[in-house]
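As structure tokens, the structure follows; a few thoughts come after it.
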Amino acid sequence: MITVANRLQTVEEYYFSKKLREVNALKVSGKPIINLGIGSPDLMPPQTVVDAITESFKYPNVHQYQSYQGLPELREAMCSFYKTQFHVDANPASEILPLMGSKEGILHISMAFLNPGDEVLIPNPGYPTYASVTKLVEAKAVTYDLDEANGWLPDLKALEQTDLSKVKVMWVNYPHMPTGANATETLYEELVAFAKRNHILIVNDNPYSFVLNDNPRSILSVPGAKDVCVELNSLSKTFNMAGWRVGMVLGNATHISAILKVKSNMDSGMFYGIQKGAIEALKSTDQWFKNLNAAYQKRRDLVWKLADLLGCTYDKTTSGLFVWSKLPEGVDAEAFIDKILYDNSIFITPGIIFGTQGKGYIRFSLCASEAELQESINRIKN
Numbered sequence: 001m002i003t004v005a006n007r008l009q010t011v012e013e014y015y016f017s018k019k020l021r022e023v024n025a026l027k028v029s030g031k032p033i034i035n036l037g038i039g040s041p042d043l044m045p046p047q048t049v050v051d052a053i054t055e056s057f058k059y060p061n062v063h064q065y066q067s068y069q070g071l072p073e074l075r076e077a078m079c080s081f082y083k084t085q086f087h088v089d090a091n092p093a094s095e096i097l098p099l100m101g102s103k104e105g106i107l108h109i110s111m112a113f114l115n116p117g118d119e120v121l122i123p124n125p126g127y128p129t130y131a132s133v134t135k136l137v138e139a140k141a142v143t144y145d146l147d148e149a150n151g152w153l154p155d156l157k158a159l160e161q162t163d164l165s166k167v168k169v170m171w172v173n174y175p176h177m178p179t180g181a182n183a184t185e186t187l188y189e190e191l192v193a194f195a196k197r198n199h200i201l202i203v204n205d206n207p208y209s210f211v212l213n214d215n216p217r218s219i220l221s222v223p224g225a226k227d228v229c230v231e232l233n234s235l236s237k238t239f240n241m242a243g244w245r246v247g248m249v250l251g252n253a254t255h256i257s258a259i260l261k262v263k264s265n266m267d268s269g270m271f272y273g274i275q276k277g278a279i280e281a282l283k284s285t286d287q288w289f290k291n292l293n294a295a296y297q298k299r300r301d302l303v304w305k306l307a308d309l310l311g312c313t314y315d316k317t318t319s320g321l322f323v324w325s326k327l328p329e330g331v332d333a334e335a336f337i338d339k340i341l342y343d344n345s346i347f348i349t350p351g352i353i354f355g356t357q358g359k360g361y362i363r364f365s366l367c368a369s370e371a372e373l374q375e376s377i378n379r380i381k382n
């Protein structure tokens with residue numbers, strides 16, 4: 001029998017991959033499951049995006065291999081978007097790289113900069129893929145705790161009291177998933193200074209900037225940030241294009257060149273029509289964001305009502321696609337969500353899957369219709 005690679009012994013199957021099999025089995029058995037666990041946008045992308053991919057099939061080169069760096073006009077659109085939305089200048093020829101979703105960028109960046117034994121600072125709670133990819137490339141995941149008392153922001157002074165000599169990369173994610181906390185300009189300035197003092201590459205994962213957020217920020221807007229930072233972003237949440245798999249990474253030419261060296265050995269370019277659609281998405285006006293957030297605000301109001309019924313507390317100043325809620329003291333989150341799943345056919349995510357600092361919390365997704373959310377409220381009431 002052929003044994004698997006040792007690296008697979010360090011990671012587990014992704015939580016949602018396993019849990020959704022259980023949820024889907026309940027659906028097959030006839031349970032009317034309402035899924036409030038996954039952050040997969042259910043709304044439509046802009047019509048111009050759909051029109052662009054349809055129109056693309058008229059071009060003779062649409063089915064051919066595409067550039068590893070993406071169409072020049074896509075890179076220009078991404079740079080223009082960053083200039084308009086974040087006041088960040090980037091050279092489209094050398095400082096931006098389109099990705100097949102920002103999730104693949106986590107692996108590309110890790111492979112480009114980490115050697116076995118290098119240490120990586122990972123937020124707790126945080127996106128589980130940061131830790132799993134770190135382990136897959138045989139680096140060492142070192143968590144740094146975030147807590148509600150500090151607004152889910154890192155304590156950089158405390159971090160500098162620890163041994164950072166082996167740390168090469170630090171993952172940062174604001175607006176934060178799962179808590180929805182927002183970074184301040186001061187935090188970004190302090191992170192850039194921290195990275196320079198300690199010779200660490202900061203990777204800011206920034207896909208939730210435009211969801212229920214009045215003040216989108218990029219760490220690259222800080223002077224000198226490109227020396228020590230790269231930033232991931234995505235069209236998945238901003239333009240309801242999760243399944244299209246379009247993301248980007250920005251940074252200085254040296255960092256982007258290193259990431260491209262990995263990426264160009266792992267794929268053969270993004271489908272032409274998807275790139276044309278992405279260009280149209282990036283041209284969207286402010287009205288798109290207003291309409292998107294009006295829809296999510298109505299949904300969030302309903303989720304707050306649901307959280308109230310379940311005895312949870314939450315912060316109304318957060319951003320993003322989720323509502324992060326604290327359970328009553330002493331309640332076990334995993335047992336709690338399983339009871340609701342089996343008794344009320346509602347799937348909610350336990351906070352513990354995002355790290356030990358998520359213990360005692362649950363996460364609601366806003367990627368369900370108002371009708372589904374109202375039905376969830378009715379089920380809990382009854």
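In terms of full-length UniProt numbering, the sequence shown opens at residue 1 and continues consecutively.
Just so it is clear, CB atoms sit at the ideal spot from N, CA and C, and this is done for glycine as well.
If you draw a straight line from the alpha carbon of residue i to that of residue j, how long is it in whole angstroms?
i, j, result
"His108", "Ser264", "10 Å"
"Thr285", "Pro216", "15 Å"
"Leu74", "Gln275", "6 Å"
"Ala149", "Cys229", "27 Å"
"Asn378", "Ala371", "10 Å"
"Asp308", "Lys316", "12 Å"
"Ser268", "Asp51", "24 Å"
"Asp227", "Asn252", "7 Å"
"Leu220", "Leu97", "15 Å"
"Tyr272", "Val88", "26 Å"
"Cys312", "Pro328", "6 Å"
"Tyr314", "Lys305", "11 Å"
"Gln287", "Thr186", "29 Å"
"Met248", "Ala93", "13 Å"
"Glu76", "Lys31", "48 Å"
"Thr44", "Gly358", "According to the sequence displayed, residue 44 carries Met and not Thr. Distance between the alpha carbons of Met44 and Gly358: 31 Å."
"Asn204", "Tyr144", "15 Å"
"Lys237", "Pro41", "6 Å"
"Val303", "Ile33", "16 Å"
"Lys19", "Ala141", "24 Å"
"Lys103", "Ser56", "26 Å"
"Tyr188", "Leu156", "11 Å"
"Leu114", "Leu71", "29 Å"
"Val192", "Ile259", "20 Å"
"Thr349", "Val28", "20 Å"
"residue 389", "Lys135", "Residue 389 falls outside the range modelled here, since the chain spans only 1 to 382, and no answer is possible."
Which residues bound the alpha helix (DSSP H) around residue i?
i, result
"Thr186", "185–198"
"Leu74", "72–86"
"Val49", "47–56"
"Leu99", "Leu99 -> not in any alpha helix (DSSP H); beta strand (DSSP E) instead, spanning 96–99."
"Leu159", "156–159"
"Lys276", "272–282"
In three-state DSSP terms, what is residue i?
i, result
"Asn291", "helix"
"Val222", "coil"
"Leu36", "coil"
"Gly126", "coil"
"Asp205", "strand"
"Tyr314", "strand"
"Glu119", "strand"
"Met111", "helix"
"Trp304", "helix"
"Val133", "helix"
"Asn91", "coil"
"Ile2", "coil"
"Gln64", "coil"
"Asp214", "coil"
"Ala181", "coil"
"Lys237", "coil"
"Asp163", "coil"
"Ser102", "helix"
Residue range of the beta strand (DSSP E) that residue i falls in?
i, result
"Asp145", "140–145"
"Ser29", "Neither: Ser29 is in no beta strand (DSSP E) and is coded neither H nor E."
"Lys381", "Element bounds for Lys381: not the beta strand (DSSP E) but the alpha helix (DSSP H), 370–381."
"Glu231", "229–234"
"Met170", "167–172"
Determine, using beta carbons only, whether residue i and residue j come nearer to each other than 9 Å.
i, j, result
"Ser209", "Asn173", "no"
"Leu282", "Met78", "yes"
"Ile340", "Gly351", "no"
"Leu159", "Phe194", "yes"
"Val23", "Gly180", "no"
"Gly117", "Glu138", "yes"
"Ser319", "Val211", "yes"
"residue 385", "Gln66", "As displayed, the chain neither begins before 1 nor continues past 382, which places residue 385 out of reach and without an answer."
"Leu250", "Met170", "no"
"Ala333", "Gly360", "yes"
Any heavy atom of the ligand NAD closer than 8 Å to the CB of residue i?
i, result
"Phe354", "Absent from the structure shown: the ligand NAD. Ligands present: none."
**Prompt:** Which runs of the alpha helix (DSSP H) fall wholly inside the stretch 243–269 and span at least 4 residues, in chain order?
**Reply:** 253–263
**Asked** Curious, which full-length beta strand (DSSP E) runs of at least 3 residues does the stretch 321–366 contain?
**Response** 322–326, 361–365
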